[in-house]
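As given, the protein sequences belong to chains R and L, one line each in that order. Quick note on numbering: the first sequence equals residues 17 to 30 in our numbering. Quick note on numbering: the second sequence equals residues 27 to 283 in our numbering. Yeah, the Cβ is synthetic: ideal placement off N, Cα and C, and Gly gets one too. Everything numeric in this text was worked out from a predicted model, so none of it was measured.
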Amino acid sequence: AGAQLLLSRYFQLN
Amino acid sequence: MLELRLVQGGLLKKVLESLKDLVNDANFDCSASGFSLQAMDSSHVALVALLLRSEGFEHYRCDRNLSLGMNLNNMAKMLKCAANDDIVTIKADDASDSVTFMFESPNQDKIADFEMKLMDIDSEHLGIPEAEFQAIVRMPSAEFARICKDLSTIGDTVVISVTKEGVKFSTRGDIGTANIVCRQNPSIDKPEEATIIEMEEPVSLTFALRYMNSFTKATPLANQVTISLSADLPVVVEYRVAEMGYIRFYLAPKIEE
Chain R
17 AGAQLLLSRY
27 FQLN
Chain L
27 MLELRLVQGG
37 LLKKVLESLK
47 DLVNDANFDC
57 SASGFSLQAM
67 DSSHVALVAL
77 LLRSEGFEHY
87 RCDRNLSLGM
97 NLNNMAKMLK
107 CAANDDIVTI
117 KADDASDSVT
127 FMFESPNQDK
137 IADFEMKLMD
147 IDSEHLGIPE
157 AEFQAIVRMP
167 SAEFARICKD
177 LSTIGDTVVI
187 SVTKEGVKFS
197 TRGDIGTANI
207 VCRQNPSIDK
217 PEEATIIEME
227 EPVSLTFALR
237 YMNSFTKATP
247 LANQVTISLS
257 ADLPVVVEYR
267 VAEMGYIRFY
277 LAPKIEE
């Protein structure tokens, strides 16, 4: 049910 | 040289039990300020951030910043050999490829040391900005665990909706639907049983229950859990680790396709 978003959508790699 | 002595060794056992199913390998970062970890699960959907401040240790020596790469399952196996009331000391030399866990019984009649090989881990460190959340729910951690467990028998995802009426956890599956509403309850006599909702504006987000259930492995660490929600951010599920720090789980939401 629905598409899973990834953390990279919100947080930048340091 | 690193030497960290934690009188409440049981806390470290509980921390590892709450991490090991989500993350296989991770770097523990040791600095003068504390012992910390940040790691994503293999699918890059969830992230765990752990902080144990140096002041929480009975003895904390960290001559220079060190990153200790460990297999969390193996670390958990070693810590399982400590009794819940043992004092745990973590030791590592600067150039060493191993770490030693020393377990002392409270009356000092039994002392054990376990040496574990370290690993080289290429970790991806994410920058997590401080954020304002639209809604913050504090509730008993056991209640949250129960809700996630119950709902996962019916559906795969949970919709968490916060309104001024309370916080609603909903799921839907082949056999039917379920809705659980928890209302604000300040519970002044027993603060550990309180449910407190701070809401700037209503918010509703969908999450995979598989991850939420994994986060609730941290339930033995704290009586209360804090769930912070915003429409444009991953949810943060936080458990305090005694007075010394926290374990925070971040989970990206699911959206309608």
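Among the residues of chain R, none has a CB under 8 Å from the CB of M104 of chain L; the nearest is roughly 29 Å distant.
Counting only the Cα atoms, D120 of chain L lies some 38 Å from L259 of chain L. Per DSSP, the continuous alpha helix (DSSP H) segment holding E43 of chain L begins and ends at G35 to L45. Taking 8 Å as the cut-off, the beta carbon of R31 of chain L is found no closer than this to the beta carbon of I137 of chain L.
Interface residue (Cβ-Cβ distance to chain R less than 8 Å): K280 of chain L is classified as such. Among the residues of the region 138 to 157 of chain L, those with a Cβ less than 7 Å away from any Cβ of chain R are E150, H151, L152, G153 and I154, in the order of the chain. In the pairwise beta carbon analysis, the region 46 to 54 of chain L is classified as touching the region 67 to 87 of chain L: at least three pairs are separated by under 8 Å. The way I'd put it, the region 216 to 236 of chain L does touch the region 176 to 190 of chain L; three or more beta-carbon pairs between them come closer than 8 Å. L177 of chain L and A204 of chain L do touch by the CB rule: their CB atoms are close to 6 Å apart, below 8 Å. Judged by their CB atoms, S124 of chain L and E141 of chain L are nearer to each other than the 8 Å cut-off. Fewer than three pairs of CB atoms, one per stretch, sit closer than 8 Å, so the region 59 to 74 of chain L makes no contact with the region 99 to 106 of chain L. Residues of chain R whose Cβ lies closer than 7 Å to the Cβ of P260 of chain L are, in chain order, L23 and Y26.
Chain R has no Cβ within less than 8 Å of the Cβ of Y86 of chain L.
Around A278 of chain L, the same chain offers V71 and P260 as residues with beta carbons nearer than 7 Å, after the five sequence neighbours per side are excluded.
If you draw a straight line from the Cα of P246 of chain L to the Cα of E81 of chain L, it is about 22 Å long.
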